[in-house]
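Down below is the structure, laid out as structure tokens.
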Amino acid sequence: MTATHADYRLSQLDQLEAESIHIFREVAAEFEKPVLMFSGGKDSIVMMRLAEKAFYPAKIPFPVLQVDTGYDFPEVLACRDNWVSRLGARLIVASVEEAIADGVVIDDGKTSRNRLQIGTLLNALEEGGFTAAFGGGRRDEEKARAKERVYSHRDEFGQWDPKMQRPELWSLYNGRIHEGEHMRIFPISNWTELDIWHYIGREGIEIPSIYFSHQRRVFERDGMLLTESDYNPLRSGETVEERTVRFRTVGDLTLTGCVESEADTIDKIIDEVAIARVTERGATRGDDRFSEAAMEDRKKEGYF
Amino acid sequence: MSDQTTDLTKAEVAEQTRNMDLLRFATAGSVDDGKSTLIGRLLLDSKSIFEDQLEAVEATSQSKGYDYTDLALLTDGLRSEREQGITIDVAYRYFATPSRKFIIADTPGHVQYTRNMVTGASTADLGLVLVDARQGLTEQSRRHAVILSLLRVPHLVLAVNKMDLVDFDEAIYERIHAEFTQFATKLNIPDLVVIPISALQGDNVVTRSENMPWYSGPTLMHHLEHVHVASDRDLVDVRFPVQYVVRPKSDEHHDYRGYGGMVAGGVLKPGDEVVVLPSGMTSKIAGIDLFDREITEAFPPMSVTVRLEDDVDVSRGDMIARVNNAPKPSQDIDAMVCWMTNEPLRPRQKLAIKHTTRSARALVKDIQYRLDVNTLHRDQDTKELGLNEIGRVQLRTTVPLLCDPYSKNRTTGSFILIDEATGVTVGAGMINSGS
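Residue numbers (my numbering), protein chains in the order written: chain A, 1 to 304; chain B, 1001 to 1435.
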């Protein structure tokens, strides 16, 4: 042995990548019908990249599913289309609007689009007969996620039971499911927000332009800066002004806030993220703020 | 704060994220040992806690009428746990310092949750066991050490917590240190460090304690940052479980055929003569691909795609090894099994087994003994293993497993057992030998 141990050291980012690729391959090998849930956000773009790497030079062996809330940012949809066409992947769009029209979910005017996504998504998974759905959830995002497995079992109603989770040991994943059940798969469970940004920077991959600093007409609501939009009628007292902002997460544009920022490159975003004092969800996602246990409740119902 | 760790800004931490390495550690301790408080302290002092998280915890502490901020609330994730005030499952936590990223598998310490601890320890490089300085070693701390040793976690830290409540008395620390060191001689613990701390006040967690001038060892954080883990992996014995066959079937890559997998041991290089198990056919490595790049060597835990020179028949579940250094295919497996479900494990039972990328069925031929994880006593009269019990089991598998002893390789030496009816993971196995 001429080489020393020190020569065979893998950086943490390379270790995370290797672990995620392992998970993608494992699922592709063991599940009959996997699908990649793609939101257009930075996490799901990293997922697309990892899937691309896992099967290269073959195409990714499963379709991409996006839940269209009807309130998506056009910049995000454009980015999605670029990715899908570059990878030659098959795109399935499940529309919340259509789900409402078909009576799959009920829009009572009070429920957020994010919540209506649940029914739409479950319906799309069932219709497609998908047995495994990759999601871009990270355990550092939120306390309920911190306890979720990489392979997260869902019953025939799409529900997650935190007390009945299967133990997950070593890198041995148990993909057994019964008819009608499916597995949510979280290949980037162990990544942090900072890891995601470093990886996007290192790989030089395209993300939606709204992540970068830009001029936007915005207004303030509940301490958040929301974008001006036809879907977002102003309430009394709210005024629109142009500010220099960027988005830290992307989602339903009626609920996703932006932050004032000059960060117009990945490096500047990394600097900003590194000194941020508020978690990304707490800062900019109205749907997680309704209650402390909001995420846990939505997960049990079948949220991503 | 004199320690340089905390003087760096998060931006500087970020600067180094790209190249830093990774330490996975598992924590164990009972509800009262202050484990959650310690983790909260590590997150807080490494500036890994965000304002809104801290505010939420401060508000909750206040509403419960506590005199201090209960850092344990930072890690108690699920509502049912918050209501009961206990941790019921493995939670994963993340923090980073300039030199390392850390993944904590935070496992509960109660008697009935051995399975969670086994789960958390299975991927850990280091195990952190907490004891309360006032109580000294308990049955539970011994059990935690035994489990970490069984799971071959190479580094162990015993944190003697709540030193503030025993007036930072050196004699108390020394007594626990001696008692534990004595106990550890019966276990497989290659590296042991005992640190006196106060998680609540922060003594010797990140900053050196002024209350314990008699202690000259590292602070907990310093040890976590510097413990050497790179040599824990086997870089000698080549083990490459084939996970996925990559066949593009496209015009551009018409003849491409590669074997995707994660290197489980050794260093693979193009030109190496290899054997494919279980068929025993030999070939040479034609190339190793990492995405669109050809690389000159692959080592654990890289995920790569290996191409062979000859058109040999290779599929998922096979293993690529070196001609003169290959595991022996074996259908008779002798292993330590941790049982994880209510219905006991009994002889003649049939289960599904997953080992590396290979799935098969297994028949329980014999349960040789049950190991008392508190006393290390081997109960040979037992005829079954109950929930959270660990014992030595003989299995016969439908197809040969390509395995190594767990003590040699934690990847090729481990397996899970699955209930064929429910699909639930019911057991975790560590192979002693195959024959």
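Glycine included, each C-beta is placed from N, C-alpha and C at the ideal position.
{"Asked": "Anything in the region 1418 to 1433 of chain B with a Cβ closer than 7 Å to a Cβ of chain A? List those residues in chain order, please.", "Found": "Ile1418, Gly1423, Val1424, Thr1425 and Ala1428"}
{"Asked": "Using the Cβ count rule (16 or more neighbours within 10 Å means buried), how would you classify B/Leu1064?", "Found": "Checking the displayed sequence, the identity of residue 1064 of chain B turns out to be Lys instead of Leu. Exposed, because fewer than 16 other Cβ atoms sit within 10 Å of the Cβ of B/Lys1064."}
{"Asked": "Taking contact to mean at least 3 C-beta pairs separated by less than 8 Å, is the region 6 to 19 of chain A in contact with the region 1341 to 1360 of chain B?", "Found": "no"}
{"Asked": "Return the first residue and the last residue of the beta strand (DSSP E) that B/Ser1303 is part of.", "Found": "Ser1303 to Leu1308"}
{"Asked": "Write down every uninterrupted run of the beta strand (DSSP E) in the region 8 to 65 of chain A whose length is 3 residues or greater and which is fully enclosed by it, in chain order.", "Found": "34 to 37"}
{"Asked": "Could you tell me whether any Cβ in chain A is nearer than 7 Å to the Cβ of B/Phe1291?", "Found": "yes"}
{"Asked": "With A/Trp83 as the anchor, note down where its alpha helix (DSSP H) starts and where it stops.", "Found": "Pro74 to Leu87"}
{"Asked": "Taking C-alpha atoms, which residue in B/Ala1321, B/Ser1048 and B/Ile1431 lies nearest to B/Pro1098?", "Found": "B/Ser1048"}
{"Asked": "In the structure shown, what three-state DSSP assignment does B/Val1131 receive?", "Found": "strand"}
{"Asked": "Taking the continuous beta strand (DSSP E) assigned at A/Ser320, which residues delimit it?", "Found": "Here chain A covers residues 1 to 304 and nothing more, so residue 320 of chain A does not appear."}
{"Asked": "With the cut-off set at 7 Å, would you say B/Leu1126 and B/His1155 are in Cβ contact?", "Found": "yes"}
{"Asked": "Starting from B/Ala1427 and walking both ways along the beta strand (DSSP E), at which residues does that stretch end?", "Found": "The amino acid at residue 1427 of chain B is misidentified as Ala; the sequence shows Gly. Unbroken beta strand (DSSP E) run through B/Gly1427: Thr1425 to Gly1434."}
{"Asked": "What residues are listed by DSSP as bridge partners for B/Phe1240?", "Found": "B/Ile1320"}
{"Asked": "Contact defined as beta carbons within less than 8 Å: I believe B/Val1129 pairs with B/Gly1029. What is the distance between those atoms, to the nearest angstrom?", "Found": "7 Å"}
{"Asked": "Just reading off the beta strand (DSSP E) that B/Ile1333 is part of, what are its end residues?", "Found": "Pro1329 to Trp1339"}
{"Asked": "What does DSSP give as the partner residues of B/Gly1261 in its beta bridges?", "Found": "B/Val1304"}
{"Asked": "Return the residues of the region 1243 to 1264 of chain B that lie within a Cβ-Cβ distance of less than 7 Å from chain A, sorted by chain order.", "Found": "Gln1243, Tyr1244, Val1246, Arg1247, Pro1248, His1253, Tyr1256, Gly1260 and Met1262"}
{"Asked": "Given A/Asp195, which residues of its chain have a CB within under 7 Å of its CB, disregarding the five upstream and five downstream residues?", "Found": "Leu13 and Leu16"}
{"Asked": "Tell me which same chain residues have a C-beta within less than 8 Å of the C-beta of A/Leu10, skipping the five on either side of it?", "Found": "Ala18"}
{"Asked": "So within the region 1337 to 1379 of chain B, which uninterrupted beta strand (DSSP E) runs reach at least 3 residues, ignoring any that extend past its ends?", "Found": "1350 to 1355 and 1358 to 1371"}
{"Asked": "For A/Gly41, tell me which candidate among A/Ile269, A/Arg176, A/Glu206 and A/Thr265 has the shortest Cα-Cα distance.", "Found": "A/Glu206"}
{"Asked": "Can you find the residues in the same chain that come closer than 8 Å, C-beta to C-beta, to A/Lys53, ignoring five residues on each side of it along the sequence?", "Found": "Glu17 and Ile21"}
{"Asked": "Which residues in chain B have a C-beta closer than 9 Å to the C-beta of A/Tyr8? List them in chain order.", "Found": "Ala1230, Arg1233, Leu1235, Val1267, Glu1297, Phe1299 and Pro1300"}
{"Asked": "Got a sec: is the Cβ-Cβ distance from A/Ala33 to anything in chain B below 7 Å?", "Found": "Looking at the sequence itself, residue 33 of chain A is Lys, so the reference to Ala does not match. No, A/Lys33 does not count as interfacial toward chain B."}
{"Asked": "Which chain A residues sit within Cβ distance under 7 Å of B/Thr1123?", "Found": "Trp170"}
{"Asked": "Name the chain A residues whose beta carbon is nearer than 8 Å to that of B/Thr1411?", "Found": "Trp170 and Ser171"}
{"Asked": "Rounded to a whole number of angstroms, what is the C-alpha to C-alpha distance between B/Ile1418 and B/Ile1039?", "Found": "33 Å"}
{"Asked": "Please report how far the alpha carbon of B/Asp1332 lies from the alpha carbon of B/Gly1434, in whole angstroms.", "Found": "6 Å"}
{"Asked": "What whole-angstrom Cβ distance do B/Gly1386 and B/Trp1339 have, given they're in contact under 8 Å?", "Found": "7 Å"}
{"Asked": "Taking 8 Å as the threshold, find out whether the region 228 to 244 of chain A comes into contact with the region 173 to 181 of chain A through three or more Cβ pairs.", "Found": "no"}
{"Asked": "Does any CB atom of chain E fall closer than 7 Å to the CB of A/Ala51?", "Found": "Annotation note: the requested chain E is absent from the structure, which comprises protein chains A and B."}
{"Asked": "Can you tell me which of the three DSSP states B/Pro1400 falls into?", "Found": "strand"}
{"Asked": "Could you check how far apart the C-beta atoms of B/Tyr1256 and A/Pro57 are, in whole angstroms? I think they sit under 8 Å.", "Found": "6 Å"}
{"Asked": "What would DSSP say about B/Ile1086, mapped onto helix, strand or coil?", "Found": "Confidence at B/Ile1086 is low in this model, with a pLDDT of 46, below 50, so its placement is unreliable and no value can be given for it."}
{"Asked": "Does the distance from the CB of B/Lys1162 to the CB of B/Asp1132 come in under 7 Å?", "Found": "yes"}
{"Asked": "Could you check what DSSP says for A/Tyr68 in three-state terms: helix, strand or coil?", "Found": "The sequence given here has Asp at residue 68 of chain A, not Tyr. It is a strand residue."}
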